Amino acid sequence: MKKGSAAVLLSYVLWGVFPIYWKLLADVDSVYVLCCRLVFSLCVSLVVVPLCGKWGDAMRVLKDRRLRRYMLACGLFISFNWGAFIYCVASNRVLDASLAYYINPILAILVGFIVFRERLNASQWVAVALAAAGVAAPMVMEGEFPLLAVLIGLSFAIYGAIKKEADVAGDVSTFIEALLVSPIALAIIVVMELNGGPVSTGVIGGWRLLLLPLAGVVSYLPLFLNDAVPEEHKNGIDMGRDLLRRSRVLVVCGHTVTEAMKNDIAVAQRLGITATTLEGILTVKGQGRR
Numbered sequence: 009m010k011k012g013s014a015a016v017l018l019s020y021v022l023w024g025v026f027p028i029y030w031k032l033l034a035d036v037d038s039v040y041v042l043c044c045r046l047v048f049s050l051c052v053s054l055v056v057v058p059l060c061g062k063w064g065d066a067m068r069v070l071k072d073r074r075l076r077r078y079m080l081a082c083g084l085f086i087s088f089n090w091g092a093f094i095y096c097v098a099s100n101r102v103l104d105a106s107l108a109y110y111i112n113p114i115l116a117i118l119v120g121f122i123v124f125r126e127r128l129n130a131s132q133w134v135a136v137a138l139a140a141a142g143v144a145a146p147m148v149m150e151g152e153f154p155l156l157a158v159l160i161g162l163s164f165a166i167y168g169a170i171k172k173e174a175d176v177a178g179d180v181s182t183f184i185e186a187l188l189v190s191p192i193a194l195a196i197i198v199v200m201e202l203n204g205g206p207v208s209t210g211v212i213g214g215w216r217l218l219l220l221p222l223a224g225v226v227s228y229l230p231l232f233l234n235d236a237v238p239e240e241h242k243n244g245i246d247m248g249r250d251l252l253r254r255s256r257v258l259v260v261c262g263h264t265v266t267e268a269m270k271n272d273i274a275v276a277q278r279l280g281i282t283a284t285t286l287e288g289i290l291t292v293k294g295q296g297r298r
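Residue 238 in the working numbering sits at position 230 of the sequence shown; the count goes up by one each step and never skips.
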């Protein structure tokens, strides 16, 4: 198995065993655990981002007021998402958290439809309806509306939509999100400890005390592993560019053009390849039927 594939596989294994980790901290207030995760994730990012040569990219994003607002919004939504997930595990509602990731694609489509005005054809709507029915079935059987699952799924869908608009590299985005939200998290930790927090009252101690700073490491590691082999990431981009050179038409879908898409369009223009939108093709087809 290639290093890149092994890294991605390991990252998904870690995502799968996360509930076990958070369960070890079930007797600690979920807000406190979340805040520790945020602060120590920032500490990890402060090491990883410079080592990966991304410090300059991070500074450029921080200097852009528009991107800072996007990153702050991302930080708040993903913090809520993590907090709800940690709470679900601590309160023995792991199935709610699992259901959230089945609901998330449907909510992501809904966000794309409302925010980005993306349109689905009839067969795609049928597929969405079938998926929604599959998700709704356990809700009907349980007779209870899964509020936590919907909130987790919706917060992640909105987070993804904002990330799409911002178009910032994942590792840089993770660092800046933590940087902007961590002051709030640190303030909450201090206030909670001054009022009888889990460390000052001895609720957590001994070896388990290490789990709080390690929360930043274990939650950051899967993100890092997904991009652990930059050479393979570059090979994937080169492969896509090679396929583009063999093409005659480049079709741009959606209403948002990312930096990566702009680069592909520029390559197509240099090679004399026609670049158009899906709407343009449909318009031409419509004219042809008349």
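Beta carbons are placed, not taken as given, at the ideal position from N, Cα and C, and that holds for glycine. All values derive from a computational prediction rather than experimental measurement.
With DSSP run on the structure shown, which of helix, strand or coil describes residue i?
i	result
Thr182	helix
Val41	helix
Ala34	coil
Leu258	strand
Ile170	helix
Gly204	coil
Ala197	Contrary to the premise, residue 197 reads as Ile rather than Ala in this sequence. Of the three classes helix, strand and coil, the one that applies to Ile197 here is helix, per DSSP.
Leu212	One point to set straight first is that residue 212 is Ile, not Leu, in the sequence displayed. Ile212 falls in the coil class under three-state DSSP.
Glu152	coil
Leu279	coil
Leu290	Low confidence applies to Leu290: its pLDDT is 46, below 50, so where it sits in the model is not reliable enough to give any reading.
If you follow the beta strand (DSSP E) that residue i is in, where does it begin and where does it stop?
i	result
Ala177	Looking at the DSSP string, Ala177 is not in any beta strand (DSSP E), and its letter there is neither H nor E.
Thr282	Thr282 to Thr285
Could you check how far apart the C-beta atoms of residue i and residue j are, in whole angstroms? I think they sit under 8 Å.
i	j	result
Tyr109	Val143	10 Å between Cβ atoms; not a contact.
Ala98	Ala34	4 Å
Does the CB of residue i have a neighbour CB from chain B at under 8 Å?
i	result
Glu173	The structure shown contains no chain B; it holds only a single protein chain.
Runs of beta strand (DSSP E) wholly within the segment 53-131 (minimum 3 residues, chain order):
none
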